[in-house]
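Going down the list, the protein sequences come from chains A and B.
Taking the working numbering, I'd label the letters of the first sequence as residues 2 to 228.
Taking the working numbering, I'd label the letters of the second sequence as residues 102 to 631.
Yeah, the Cβ is synthetic: ideal placement off N, Cα and C, and Gly gets one too.
Predicted, not measured: the structure shown is a model, and the values here were computed from it.
Below is one structure, written out as structure tokens; the observations come after it.
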Amino acid sequence: MKVLIVEDDLNIRQGLTDLLGNHGYEVVEAGDGNEGLVRFKEAKPDFVCLDIMMPGKTGYDLCRAIRAIDEDVPIVFITAKAEEIDKVLGLELGADDYILKPFGAHEVIARMRAITRRVFREQRRTAVSSFAFGDLSVEPSELRARRGPAQIELTLRELTILELFARNPGKVLDRDLILDHAWGKGYVPNSRTLDQTISTLRRKIELDPKSPQLIQTVHGAGYRFGG
Amino acid sequence: MTTRLSTSLAVLAALFVLMIGWLGRQLTLGEEDALRKERDQVVDAALSQLSSEIDRYFDQLGGDLARRVSGTGAAIGTNRIEAFRRSILNDSYVSRIFLIGEDEKLLYPRGSSGESEGERDLVQLIAPLIKNRAFVPRQLERPAKTAGAELRHWWHAAHWRDGLHLFLLSTGGAGDVVGVEVNCARVLSDLFVLLTRDRPAPPFGGFLQVTMDDGTVLVTRGNELAKVELRRELSLAPPLQSFRAAISLAPIPLGVRSSYFNLTAGALLLGVTTMLLGIFAVREYRRELREAETRVSFVGKVSHELRTPLTNVRLYAELLEQRIDEEDEVGRKYLGIIIRESERLSRLIGNVLRLGESDRGKLAVKRSPGDPAAIVRSIVDLYRPAVESHGMKLRLESGEIGERLIDRDALSQIVHNLLSNAEKYARNGTISVALRADGQTAMLEIGDEGPGVPAELRERIFEPFFRVSNELTDGVAGTGIGLGIARELARLHGGDLVIVPSPKGLTLRLTIDAPLAGTTGGRATESDNR
């Protein structure tokens, strides 16, 4: 899923890029409104994050320009000014949500998840329907898994990894394959990127993360799905 | 101030002054006109009275003379004529007498050589008049008066090169007309006395002048300085119809005209003052507006400038947290502190900005679908590590109350402020959080087992910057604005924040109007904005 981030603050832009990238999103960046419009037309993202106060074209103007091209793409505004929210949400700009600065990573991901679920539904994503591992059922369109009454929130990357495992039950999948599938072939990973992601996923879905049954490590080779 | 506004104010003030001035002028002109008319009436009355008095004089004189000369006709042609003539001519009013017969021929004098030079001159004087039938009664210049039982008299004036000649004519009804040339000088003398002795001054301090037929001034009376504006003139009654009486008056007193000036000056002053006050008021308003905008702009800019670096601190701390080894407990602890403190700083900035909005009357809630239970759970989870690190417990009782129309940020801020307050002041025991819904109302109770708040201070803790001071609370960091902001937001959200009785510590109950999402509206307070 592709996200366009338009933010003039370099640190915030890069931080969001890293954050969303870690969670399985493909990120396209732009540093101002004019560049943002160019990138939108080129990349055709699945949703857009816009800062409001930017040099040149403001977030409002860019939102209108994007809406003139695409009425449906979800747009989330990033703003430090709560009083701008009325403009953002009420008055024909067509934004879907907002994130108030300063935001935490969790808050951003929560907003993105909500929008991702909506986009999934709209795209009628049925590449992998609901699937189950024992008592764990995974709902891709909800970005969730359920074990009994408990709901487990999943990131897009985690879901992508689980979908890969579900299609290859019992097979050992090497690290490069998993990285290419979940991060994309152009991604140059940190040596611990995959391990940390798997570790996080295990904490969510394993009954005993220290003794994983669903995602098993095959030393020197990769990982195997035992579900 | 804009040129347009200044011009508009100036035009309005000028129109105002012009209107007042015009009204004042109309009023004053009306007053002047009325005053003129009044003065004219008085002057006319004075002149009429004067003319009437002269008329009475001539009536009386004419009657007297008529009676005295009534025997003249009988004396003609007798020896008594000379005696009669002498007796008549001894009268100071009589210059000469003459008799006209019934056939309109002069009977006496006849211009014969036996008569005196004066008699002969008289014949020459009146012959043309007789010929022109000037003394015939039916050609009277004024109606004949009855001087007695049978006498009628009338006057006739004639003008020759030597001046005015006055004749009194009378008849006893037998057809003869007795004529008397009256002593003009004597008459004029009488008139002078009549017009000057014991008479009131001309009205309005005016000036009276009576002029004779040849322009000679007979009488003047009054204030010669008033001889400025000729107001009224009147021809005197016959036989002096060639005489004119005129009363001149001074212009209308300055006092009347000055009221017009004063009114206009007053209106001008009022207009200028009004305009200046208006300019001052607009300038003050605009200055205050600019200052308010500067304050708003400053607060907004500070907010933006504070929030941007804070965003980076939180974001990168959390990103780092995701990258750090799980075994690196110290590193995770340090990052945790960075994250928590940046979150605390964010909340503090949020509270300060809300306080600013409240001061400006701009505090408002904006509703959208949200899950109050999820919000409360996430915030409780945030505070749990810190609470437990103090040796306390944090207990949450919350069911699923569904998606509601709420201001998520406002609710988050309220819950943060309440938990922050409990965490700061509850040094032991349990902080309990209970969330439930009752129809359209969501209710949250947060109670601690700390020192509580004295009864007399229970409302004061909601005042901005107020903090309970005792040995247990002094030294605890805080701004004293959290609970006040929380209450204000709660009330804007259609609810309230109150202290409820509890066996120990402090328990606060938050209620907010939170209709189920998908229903319309949400119960507002007096307004959703304040």
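Span separating the alpha-carbon of residue i from that of residue j
i, j, result
"B:F566", "B:T612", "23 Å"
"B:S349", "B:L113", "45 Å"
"B:L421", "A:G185", "22 Å"
"B:R642", "B:P301", "This structure cannot settle anything about residue 642 of chain B, because the visible part of chain B is limited to 102 through 631."
"B:A474", "A:M55", "35 Å"
"B:E242", "B:L341", "Here the model assigns B:E242 a pLDDT of 48, short of 50, so the residue's position is not dependable and the matter cannot be decided."
"B:W123", "B:R105", "26 Å"
"B:I562", "B:L446", "21 Å"
"B:V143", "B:R322", "16 Å"
"A:D9", "A:A96", "19 Å"
"B:L319", "B:V311", "5 Å"
"A:T18", "B:G585", "38 Å"
"B:G530", "B:G437", "24 Å"
"B:R157", "B:S149", "12 Å"
"B:D482", "A:T201", "18 Å"
"B:D614", "B:F117", "54 Å"
"B:T375", "B:G125", "18 Å"
"A:G91", "B:D460", "Reliability fails at A:G91, whose pLDDT of 49 lies under 50, so the model's placement of it is uncertain and the value that follows must be treated cautiously. Looking at the two C-alpha atoms, the distance is approximately 25 Å."
"B:G276", "B:S213", "24 Å"
"B:L407", "B:R468", "26 Å"
"A:A69", "B:P602", "57 Å"
Chain B contact residues for residue i, given Cβ-Cβ distances below 8 Å
i, result
"A:S200", "E427"
"A:F104", "T412, R415 and L416"
"A:D19", "L420"
"A:N23", "L420 and Q423"
Close-in-space but distant-in-sequence residues of the same chain around residue i (CB under 6 Å, 5 per side omitted)
i, result
"B:D426", "none"
"B:E504", "P470, D472 and A618"
"B:R588", "F563 and L598"
"B:S271", "A167, L252, H254 and V279"
"A:K58", "G34 and N35"
"A:A106", "L20"
7 Å Cβ shell around residue i - same chain, five flanking residues per side excluded
i, result
"B:E154", "L295"
"B:L370", "none"
"A:A66", "L38"
"B:E216", "P210"
"A:T218", "Y224"
"A:A222", "V173 and D175"
"B:D192", "R169"
Distance CB(residue i)-CB(residue j) smaller than 9 Å
i, j, result
"B:T706", "A:F48", "No answer is possible for residue 706 of chain B: it lies beyond the span of chain B, which begins at 102 and ends at 631."
"B:L269", "B:W261", "no"
"A:Q15", "A:E27", "no"
"B:L497", "B:A535", "yes"
"B:L151", "B:L309", "yes"
"A:R118", "A:L137", "no"
"B:I515", "B:A523", "no"
"B:M313", "B:L289", "yes"
"B:S196", "B:N284", "yes"
"B:V278", "B:F236", "yes"
"B:L162", "B:D291", "yes"
"B:A465", "B:I502", "no"
"A:L195", "A:I179", "yes"
"B:S443", "B:R478", "no"
"A:A183", "A:F134", "no"
"B:L512", "B:I547", "no"
"B:R568", "B:G551", "no"
8 Å contact criterion, which residue i and residue j should meet: CB distance rounded
i, j, result
"B:P616", "B:Q541", "5 Å"
"A:T156", "A:G22", "About 11 Å; that fails the 8 Å criterion."
"B:L495", "B:R485", "5 Å"
"A:Q116", "A:P75", "Note that residue 116 of chain A is Ile in the sequence shown, not Gln. With a Cβ gap of about 5 Å, A:I116 and A:P75 count as contacting."
"B:A147", "B:P339", "Not confirmed; about 20 Å, so no contact."
Within chain B, partners of residue i - CB distance below 9 Å
i, result
"A:I13", "T409, T412, N413 and L416"
Contacts that residue i makes with chain A (C-beta to C-beta distance below 9 Å)
i, result
"B:S499", "None at all; the shortest Cβ gap to chain A is about 15 Å."
"B:E444", "P103 and G105"
Interface residues of chain B facing residue i [CB-CB closer than 7 Å]
i, result
"A:L101", "D510"
"A:G16", "N413, L416, Y417 and L420"
"A:D10", "T409"
Neighbourhood of residue i by C-beta, 8 Å cutoff - its chain only, sequence neighbours within 5 removed
i, result
"A:I100", "C50, V77, F78, I79, T80, E108, V109 and R112"
"A:T127", "For A:T127, the predicted structure reports a pLDDT of 48, less than 50, and the residue's modelled location is therefore unreliable. The matter cannot be settled from this model."
"B:G492", "N529"
"B:E220", "R197, P210 and G212"
Where residue i meets chain A, residues with beta-carbon distance less than 7 Å
i, result
"B:S447", "P103"
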